Amino acid sequence: GAVVSQHPSWVICKSGTSVKIECRSLDFQATTMFWYRQFPKQSLMLMATSNEGSKATYEQGVEKDKFLINHASLTLSTLTVTSAHPEDSSFYICSARKRDNGNQPQHFGDGTRLSIL
Amino acid sequence: DQQVKQNSPSLSVQEGRISILNCDYTNSMFDYFLWYKKYPAEGPTFLISISSIKDKNEDGRFTVFLNKSAKHLSLHIVPSQPGDSAVYFCAASGIYNNNDMRFGAGTRLTVKP
Chain A
1 GAVVSQHPSW VICKSGTSVK IECRSLDFQA TTMFWYRQFP KQSLMLMATS NEGSKATYEQ
61 GVEKDKFLIN HASLTLSTLT VTSAHPEDSS FYICSARKRD NGNQPQHFGD GTRLSIL
Chain B
118 DQQVKQNSPS LSVQEGRISI LNCDYTNSMF DYFLWYKKYP AEGPTFLISI SSIKDKNEDG
178 RFTVFLNKSA KHLSLHIVPS QPGDSAVYFC AASGIYNNND MRFGAGTRLT VKP
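From first to last, the protein sequence lines stand for chains A and B. Sequence positions in the first sequence follow our numbering and run 1 to 117. Sequence positions in the second sequence follow our numbering and run 118 to 230.
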């Protein structure tokens, strides 16, 4: 199997709060984890690529100081939305790829619904 | 920059018939293609993949076809079942971009009993 656990599944908080989302690979080691954002009825947009032990690579237009990513181990990556505002409300999904050579699918968590009031 | 396109936002099929979902891509450097299935409020679930050295890959009721010259891939589901009703995303990646995946916009499949 390839199970990815994402926590929490739903967060409602006030504007200005920082929110941390965890992504864990439960039964495999993930050298690389990915963070996506999905707006209603739209596709998944890659925000950043997180490599264990190094700095994350952010996609164009994604503020790295706003979306802090830490990938401290081969099974855990965290995304912190700092000083969240209503426009940050979205569905955030992480994925992890097995530590292996060659092509491997990404396995996704169940996502985090973030609502900023 | 829409490198992966799914031009049909929705598809409705009768139970037992074939479902064909289509996907086009523009970047010839992509060499690995995947299909994911997604239910509301859940993360995508990996279905099937194909590398660019093949033109067909089959797994049970699911078959993915790849036409590199046309930069087109399709997912066939035979026979379709009501439980297949979901949003299907195609994705593409390549060694050139560190295997980062680019997703299409998704096609909502509805299989009617």
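Glycine is no exception: its CB is placed at the ideal position from the N, C-alpha and C atoms. Note that the structure is a prediction, hence the values are computed from the model and not measured.
With C-beta atoms as the reference, is Gly-111 of chain A less than 7 Å away from Phe-91 of chain A?
By one-based count along the first sequence, residue 111 of chain A stands at place 111. By one-based count along the first sequence, residue 91 of chain A stands at place 91. Yes; because the gap between Cβ atoms is below 7 Å, this pair is in contact.
With H, G and I counted as helix, E and B as strand and the rest as coil, what does DSSP make of Glu-175 of chain B?
Looking up residue 175 of chain B in the second sequence gives position 58. Glu-175 of chain B falls in the strand class under three-state DSSP.
When you compare only the Cα positions, how much space is there between Arg-134 of chain B and Phe-150 of chain B?
Locating residue 134 of chain B in the second sequence gives position 17, where the first residue counts as 1. Locating residue 150 of chain B in the second sequence gives position 33, where the first residue counts as 1. Their backbone Cα atoms lie some 25 Å apart in a straight line.
Near Glu-22 of chain A, which residues of its chain fall below 6 Å by C-beta distance, leaving aside the five closest residues on each side in sequence?
Looking up residue 22 of chain A in the first sequence gives position 22. If we look at Glu-22 of chain A and ignore the five residues flanking it on each side, its Cβ neighbours are His-7 and Thr-78.
Strictly by DSSP, which residues pair up with Val-181 of chain B?
Translated into the one-based positions of the second sequence, residue 181 of chain B becomes position 64. Answer by DSSP bridge pairing, in chain order: B:Asn-174 and B:Leu-192.
For the beta strand (DSSP E) that Ala-30 of chain A lies in, which residues bound it at each end?
Indexing the first sequence from 1 puts residue 30 of chain A at position 30. It spans 30–38 - the beta strand (DSSP E) in which Ala-30 of chain A sits, taken as one unbroken run.
Find the residues of chain B that neighbour Phe-108 of chain A, judging by a C-beta separation of less than 9 Å, and give them in chain order.
Taking the first sequence and counting its residues from 1, one reaches residue 108 of chain A at position 108. Under the 9 Å cutoff, chain B gives Tyr-153, Lys-155, Glu-159, Gly-160, Pro-161, Thr-162 and Phe-163.
Would you report the Cα separation of Ser-168 of chain B and Gly-16 of chain A, rounded to the nearest angstrom?
Translated into positions along the second sequence, residue 168 of chain B becomes position 51. Translated into positions along the first sequence, residue 16 of chain A becomes position 16. So the alpha carbons of these two residues sit roughly 45 Å apart.
Using a 10 Å radius around the Cβ and a threshold of 16 neighbouring Cβ atoms, would you call Thr-143 of chain B buried or exposed?
Translated into positions along the second sequence, residue 143 of chain B becomes position 26. Answer is exposed; the Cβ neighbour count stays below 16.
Give the secondary structure of Glu-87 of chain A by DSSP, where H, G and I count as helix, E and B as strand, and everything else as coil.
Locating residue 87 of chain A in the first sequence gives position 87, counting from the first residue. Three-state result, Glu-87 of chain A: helix.
Using a C-beta cutoff of 7 Å, does Gly-111 of chain A count as contacting chain B?
Your numbering for residue 111 of chain A matches position 111 in the first sequence. Yes, because at least one Cβ of chain B sits closer than 7 Å to the Cβ of Gly-111 of chain A.
Which chain A residues are close to Met-146 of chain B, counting only those with a beta carbon under 8 Å from its beta carbon?
Position 29 of the second sequence holds residue 146 of chain B. The contacting residues do not exist; Met-146 of chain B stays about 14 Å from chain A at best.
Closer than 7 Å by beta-carbon distance: list the chain B residues that pair up with Leu-114 of chain A, in chain order.
Residue mapping note: residue 114 of chain A aligns to position 114 of the first sequence, counting from 1. Ordered by position in chain B, no residue passes the 7 Å Cβ test against Leu-114 of chain A, which lies about 13 Å from the chain.
How is Asp-141 of chain B classed by DSSP in three states: helix, strand or coil?
Translated into the one-based positions of the second sequence, residue 141 of chain B becomes position 24. In this structure, Asp-141 of chain B counts as strand in the three-state DSSP scheme.
Mind checking which residues open and close the beta strand (DSSP E) that includes Gln-131 of chain B?
Numbered from its first residue, the second sequence carries residue 131 of chain B at position 14. 127–131 is the extent of the beta strand (DSSP E) around Gln-131 of chain B.
Taking 7 Å as the threshold (C-beta atoms), are Thr-49 of chain A and Phe-34 of chain A in contact?
Translated into the one-based positions of the first sequence, residue 34 of chain A becomes position 34. Translated into the one-based positions of the first sequence, residue 49 of chain A becomes position 49. In contact: Phe-34 of chain A and Thr-49 of chain A (Cβ atoms closer than 7 Å).
Which runs of the beta strand (DSSP E) fall wholly inside the segment 13–79 of chain A and span at least 3 residues, in chain order?
With a minimum length of 3 residues, the continuous beta strand (DSSP E) runs that stay inside the segment 13–79 of chain A are 19–25, 30–38, 44–51 and 67–73.
Name, please, each residue of chain B whose Cβ falls closer than 8 Å to the Cβ of Pro-105 of chain A.
On the first sequence, residue 105 of chain A is found 105 positions in, with the first residue counted as 1. Result: Leu-151, Phe-163 and Ser-166.
Roughly how far, in whole angstroms, is the beta-carbon of Glu-59 of chain A from the beta-carbon of Leu-44 of chain A, given that I think they are within contact range, below 8 Å?
As a first step, residue 59 of chain A must be located in the first sequence, where it is residue number 59. As a first step, residue 44 of chain A must be located in the first sequence, where it is residue number 44. Not really, about 12 Å apart at Cβ, beyond 8 Å.
Answer yes or no: does any C-beta atom of chain A fall closer than 7 Å to that of Asp-217 of chain B?
Taking the first residue of the second sequence as 1, we reach residue 217 of chain B at position 100. At least one chain A Cβ lies under 7 Å of Asp-217 of chain B.
State the CB to CB distance for the pair Lys-20 of chain A and Thr-80 of chain A, rounded to an integer number of angstroms; the pair is presumed to be in contact (CB under 8 Å).
Within the first sequence, residue 20 of chain A is the residue found at index 20, counting from 1. Within the first sequence, residue 80 of chain A is the residue found at index 80, counting from 1. About 5 Å; that satisfies the 8 Å criterion.
Going along chain B in order, which residues have a C-beta closer than 8 Å to the C-beta of Leu-44 of chain A?
Counting from one through the first sequence, the residue named residue 44 of chain A turns up at place 44. Pro-161, Phe-206 and Phe-220, listed in chain order.
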